[in-house]
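Here is the structure we will look at.
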Amino acid sequence: MGKEIERTGIPVTVMCNLIDVAKTVGSNRMVQTVSVPYPLGDPELSPEAEWQLRTSRVEAALNALATPVEEPTVFPSKF
Amino acid sequence: MKAIHYINQFFAGIGGEEMADQTPVFHDKLIGCSMMLNAMCKPDIEVTNTIVCGDNYITNHTEEALKEIFAFLDTKEFGIFFAGPAFMAGRYGVGCGIICKAVSERYHVPVITSMNEENPGVEEYKAAAYIFKGGRKATFMKQDVTPMAAFAKKIAKGEKLLPAAQEGYFPRGIRMEIPQPDGIMAADRVIDMLLKKINGEPFQTELIIPSMEKIPPAAPVKDLSKATIALVSSSGVVPVDNPDRIQSASAQKWGKYNIADRDNLPEGVYKTIHAGFDPAAMCAVPDRGIPLDAMRYFEKQGKIGKVYDWFYVTVGTGTTQAFAAKFGKEIAKELHDAGVDAVILTST
Amino acid sequence: MRLEIGAFHVKDIVFGDKTAYNAGVLTVNKEELLKVVKEDEHITTADFRIVHPGDNTILCPVKEAVEMRCKVSGGHGIFPGVLSEMEVAGSGRTHCLQDCSLIVVGEHAGGFQDGVIAMGGEYQHHTIYGDMVNLVLVADTDEDFERHEQQKKNHALRWAGMRLAEYIGQCVKDLEPENIEVYDLPSIYERSEEVNKLPRVVYVLQPQTQMEAMGYNTLIYGWDGNHILPTFMHPNELLDGCMVSGSFMPTSSKISTYEFATNPMIKKLYEQHGKTINFLGVIMSTLNVKMDEKVRCVKMAGQIATSLGAQAAVVAEEGYGNPDVDYTAMLVELERLGIKTVGLSDECTGRDGASQPLVSMNPATNALVTTGNVSQLYEFPAGMEVIGELEALARDGNSGGWEGCIRPDGSFIMENNGMFCANMISGYSRRTCADF
Chain A
1 MGKEIERTGI PVTVMCNLID VAKTVGSNRM VQTVSVPYPL GDPELSPEAE WQLRTSRVEA
61 ALNALATPVE EPTVFPSKF
Chain B
1001 MKAIHYINQF FAGIGGEEMA DQTPVFHDKL IGCSMMLNAM CKPDIEVTNT IVCGDNYITN
1061 HTEEALKEIF AFLDTKEFGI FFAGPAFMAG RYGVGCGIIC KAVSERYHVP VITSMNEENP
1121 GVEEYKAAAY IFKGGRKATF MKQDVTPMAA FAKKIAKGEK LLPAAQEGYF PRGIRMEIPQ
1181 PDGIMAADRV IDMLLKKING EPFQTELIIP SMEKIPPAAP VKDLSKATIA LVSSSGVVPV
1241 DNPDRIQSAS AQKWGKYNIA DRDNLPEGVY KTIHAGFDPA AMCAVPDRGI PLDAMRYFEK
1301 QGKIGKVYDW FYVTVGTGTT QAFAAKFGKE IAKELHDAGV DAVILTST
Chain C
2001 MRLEIGAFHV KDIVFGDKTA YNAGVLTVNK EELLKVVKED EHITTADFRI VHPGDNTILC
2061 PVKEAVEMRC KVSGGHGIFP GVLSEMEVAG SGRTHCLQDC SLIVVGEHAG GFQDGVIAMG
2121 GEYQHHTIYG DMVNLVLVAD TDEDFERHEQ QKKNHALRWA GMRLAEYIGQ CVKDLEPENI
2181 EVYDLPSIYE RSEEVNKLPR VVYVLQPQTQ MEAMGYNTLI YGWDGNHILP TFMHPNELLD
2241 GCMVSGSFMP TSSKISTYEF ATNPMIKKLY EQHGKTINFL GVIMSTLNVK MDEKVRCVKM
2301 AGQIATSLGA QAAVVAEEGY GNPDVDYTAM LVELERLGIK TVGLSDECTG RDGASQPLVS
2361 MNPATNALVT TGNVSQLYEF PAGMEVIGEL EALARDGNSG GWEGCIRPDG SFIMENNGMF
2421 CANMISGYSR RTCADF
């Protein structure tokens, strides 16, 4: 899906668990998520830690949108 | 069973390039190579009609050409549709592809054609039709028509159809399970491949992994603080009543939901319908799947201009590439028309 | 390490007064066996059946299949760390009732991970069990906490199967085997010059260990595979009962306990050892849910392979879908380390065959053996006898069934996903996939 959106010139950050898969389907900006059942959270964490985790990953994804890339790139997040 | 055959202006004997704008002509008496095809198809199949159309007409005026051809076919009874062979002729190949795809979609009958591997019609239409591997030029006519007719007869007689490589058509992007042709156990096949690979001998993998299609990276957003950013997701997070009845697996549609008045996706108002994992954690906090709360936070901070008023969602599991590409195109058009600057796509 | 498998080739199984083996016929006393089953008070009802190849019979829901065996020397039990004390399996003598198996079937309740076996008809050869005589335990339990759960641990029934296999196996303990298979593989530093010249090969097994709750995953010496890091093992340990099949994952992609212990891939690597390859041993790895866990296990397995000096590897994946990521990553990592790989797994191309065959694909994986399509549709005729309860396929969330898949006349349609261990990741498969 992301590929078709990017084809129209809109930059896309794909946030997913399977970075390897995202690369195979041609994603260019990627951020690693936590797991399949809870991509942007973790029920085992405290609400504060979970919020920090989610905002950190989303922030990495936003920053990726504003960053030029030349090839498939994984953007790290702090948490 | 009855069949109808499509050929171009050249093979109908009307003329070459100068007649390529010929509009469709319908013959109740077979002409050109239709006669050879019919002779080979007997007695299981009768080719009843030849349709002739100029290559330029069908490729440049597709809509009109199909309209005229459909008007004719609607009055006919047929169980198989043939086109070509098109050999190396590029526009003829594309024309055969166009008509085969359209006939298959409208009449749900098997569509059979033939092209040389270098014909651009192969790449574009191999998923839509049985395209048999053909020769480079018309001297291969008999050789190319033969497997088309033989395959059609198998279909007419209800015989078991073999894999593409054995039948001789280009793979259509469909993989199915079969008994191992030699009955050899997998462990023995592994050993055979392993020893060949170790010894640098040629070996044939049972699953060819294609190289990926690359899309050049889109230019970055110039100023995030002025950008409208949309959330798109394959997490299956939808309003609890799943108003668009999106399927939990092998989804065939997507939905879009307005979030203009929301700061997050509350439990009980949204849930995930994704069947590929334990949904408890995402149903309890749907923002774990589509992080609207975090996006609002960055919107309030002024880091981004605006979260787009709608989010787009489908279910990723078991969804075919064809559907995923279709969803992507449809959603991309909406986002583009709405002036969205960038997208965050969350998948599972 | 040297293991002798003393083989007894069972041609038939019959009920009789005494549990005994004589000249190809295994006689079992139902009352004795019921006592063994009822040692677990959670088992509420139990009965035995015997099925033969060609019977017009379906077994459903199948929980497990085990080879009936006994330890003669070199150990105390056939499932060390599970039914008997923890000790390393793989040495001494083990007597096996071969060419037959003990199958455990739920009398009523099935689940996501349970399966169908056909003893006759078009799908007889889709499981190895359709081609052998089987003793079938059909039983129910009071495990009400999971009766309506899609994922079941099936603990009482799976353990009953193991106890039975060990109990029945005792009847050949003091008999002379019909033939003896010898599996003798010394330390990798004590091999002959000729062997040391051959290309060094490891077998990398990725058993299904993705369930984060305990009680569902493949066990290694009774230890939940979710809790291991890749480790180096002797192939004899596998051939002598260190692995117990889990109760998670669509069944066609599973490896049964029977297959773990009779693993044809290991036997074929043994066959080549000293002739064409130097079989170093087994790297037991895992399949995980989280990306960092996947990467950790793949990297550590790669390191072990490198330290062992492996030049080639066979990688087998017990599962499909998300675990394809671990599978492809393992192959890619080993290739990156200069180790030539061949992969062994099934595919999921969808009912229409149009989906991407593996969730994760990488062109570096250029030598793959494929054992079938988990979502292939199979059409069964009406009129086959059912042992167990066929309705479990439609009712209990089976991975290959769905509500309405059984028609009023008794005919039914299912996905391969629900055929018991049908993709035979252990290497028995005589099926593959082709492009159409």
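Chains as they are written, first to last, in this note's numbering: chain A, 1 to 79; chain B, 1001 to 1348; chain C, 2001 to 2436. Cβ atoms here follow ideal geometry from the backbone N, Cα and C, with glycine treated the same way.
Look at Q2272 of chain C and I1191 of chain B and say whether their C-beta atoms are less than 9 Å apart.
yes
Would you mind reading off the limits of the beta strand (DSSP E) that contains C999 of chain B?
The displayed coordinates of chain B run from 1001 to 1348. Any statement about residue 999 of chain B would go beyond what the structure contains.
Interface residues of chain C around T1290 of chain B at Cβ under 9 Å?
Residue identity check: residue 1290 of chain B is Ile in the sequence provided, not Thr. Neighbours of I1290 of chain B on chain C: none; closest Cβ ~20 Å, over 9 Å.
The beta strand (DSSP E) spanning K2268 of chain C covers which residue range?
Here K2268 of chain C belongs to no beta strand (DSSP E); instead the alpha helix (DSSP H) covers 2264 to 2272.
Please list the terminal residues of the continuous beta strand (DSSP E) segment that includes Q2098 of chain C.
2092 to 2106
Mind listing the chain A neighbours of V1340 of chain B? Cutoff is C-beta to C-beta under 7 Å, in chain order.
I10
Do N2322 of chain C and the ligand NAP come close, with the Cβ less than 8 Å from some heavy atom?
Among the components of this structure there are no ligands whatsoever, and the ligand NAP is therefore not found.
Going by the beta-carbon positions, is the gap between Q2311 of chain C and I2339 of chain C smaller than 9 Å?
In this structure, Q2311 of chain C places its C-beta atom within 9 Å of the C-beta atom of I2339 of chain C.
Please confirm if K78 of chain A has its CB atom under 9 Å from at least one CB of chain B.
no
Could you check whether the Cβ of A2329 of chain C sits closer than 9 Å to any Cβ belonging to chain A?
With 9 Å as the cut-off, A2329 of chain C counts as an interface residue toward chain A.
Can you tell me where the alpha helix (DSSP H) with D1293 of chain B in it begins and where it stops?
1292 to 1301
Evaluate M2361 of chain C with the Cβ neighbour count: other Cβ atoms within 10 Å of its Cβ, from every protein chain shown; 16 or more gives buried, anything less gives exposed.
buried
Tell me whether H2042 of chain C sits in a helix, a strand or coil according to DSSP, three-state version.
coil
Return the first residue and the last residue of the alpha helix (DSSP H) that S1034 of chain B is part of.
1034 to 1041
On the premise that V2082 of chain C lies in contact with L2219 of chain C, defined as a C-beta separation below 8 Å, what is that separation, rounded to the nearest angstrom?
6 Å
Within the continuous beta strand (DSSP E) that includes R2431 of chain C, where are the two ends?
2431 to 2435
Under 7 Å between beta-carbons, which chain A residues line up against T1205 of chain B? List them in chain order, please.
None at all; the shortest Cβ gap to chain A is about 17 Å.
Could you tell me which uninterrupted beta strand (DSSP E) segments, each at least 3 residues in length, are contained entirely in the region 1114 to 1192 of chain B, listed from first to last along the chain?
1130 to 1133, 1175 to 1179
What residues of chain B sit near V14 of chain A, judged by a beta carbon separation below 7 Å?
L1345, S1347
Using a C-beta cutoff of 9 Å, does K2290 of chain C count as contacting chain A?
yes
Out of B:A1012, B:C1100, B:R1296, which one is the CA nearest neighbour of M1036 of chain B?
B:A1012
Check the Cβ-Cβ distances between V36 of chain A and every residue of chain C, and say whether any is below 9 Å.
yes
Comparing C-alpha positions only, which one of B:V1313, B:A1156, B:Y1308 sits nearest to C1041 of chain B?
B:A1156
Closer than 8 Å by beta-carbon distance: list the chain C residues that pair up with I19 of chain A, in chain order.
Among the residues of chain C, those whose CB is under 8 Å from the CB of I19 of chain A are M2291, following chain order.
Contact between the region 2284 to 2299 of chain C and the region 1165 to 1173 of chain B is defined here as three or more beta-carbon pairs at a separation below 8 Å; is this criterion met?
With a cut-off of 8 Å, the region 1165 to 1173 of chain B and the region 2284 to 2299 of chain C do not count as touching, because too few Cβ pairs lie within range.
How is H1274 of chain B classed by DSSP in three states: helix, strand or coil?
coil
Counting only C-beta atoms, is V2426 of chain C closer than 9 Å to chain B at any point?
The amino acid occupying residue 2426 of chain C in the given sequence is Ser; Val does not appear at that position. Chain B, which has a Cβ nearer than 9 Å to the Cβ of S2426 of chain C, makes this yes.
Buried or exposed: which applies to R2069 of chain C, given that a residue is buried once 16 or more other Cβ atoms fall within 10 Å of its Cβ?
buried
Write down every uninterrupted run of the beta strand (DSSP E) in the region 1050 to 1098 of chain B whose length is 3 residues or greater and which is fully enclosed by it, in chain order.
1080 to 1083
In terms of residue numbering, what span does the alpha helix (DSSP H) encompassing L2159 of chain C cover?
It should be pointed out that residue 2159 of chain C corresponds to Trp in this sequence rather than to Leu. The continuous alpha helix (DSSP H) containing W2159 of chain C extends over residues 2155 to 2169.
So the beta strand (DSSP E) C2070 of chain C belongs to, where does it begin and stop?
2057 to 2073
Of the residues that make up the region 2246 to 2274 of chain C, which ones have a beta carbon closer than 7 Å to any beta carbon in chain B?
P2264, M2265, K2268, Q2272
Tell whether a beta-carbon distance below 9 Å holds between R10 of chain A and A1332 of chain B.
A quick correction: the sequence has Ile, not Arg, at residue 10 of chain A. Yes, these two residues count as a Cβ contact at 9 Å.
Residues of chain C with CB closer than 8 Å to the CB of V1190 of chain B, please, in chain order.
M2265, K2268, V2314, V2342, L2344, V2369, G2427
By DSSP's criteria, Y1312 of chain B is part of a beta bridge. Which residues make up the other side?
B:V1232, B:K1256
Let me know if H2126 of chain C comes out buried or exposed under the rule of 16 or more other beta-carbons within 10 Å of its beta-carbon.
Label assigned to H2126 of chain C: buried.
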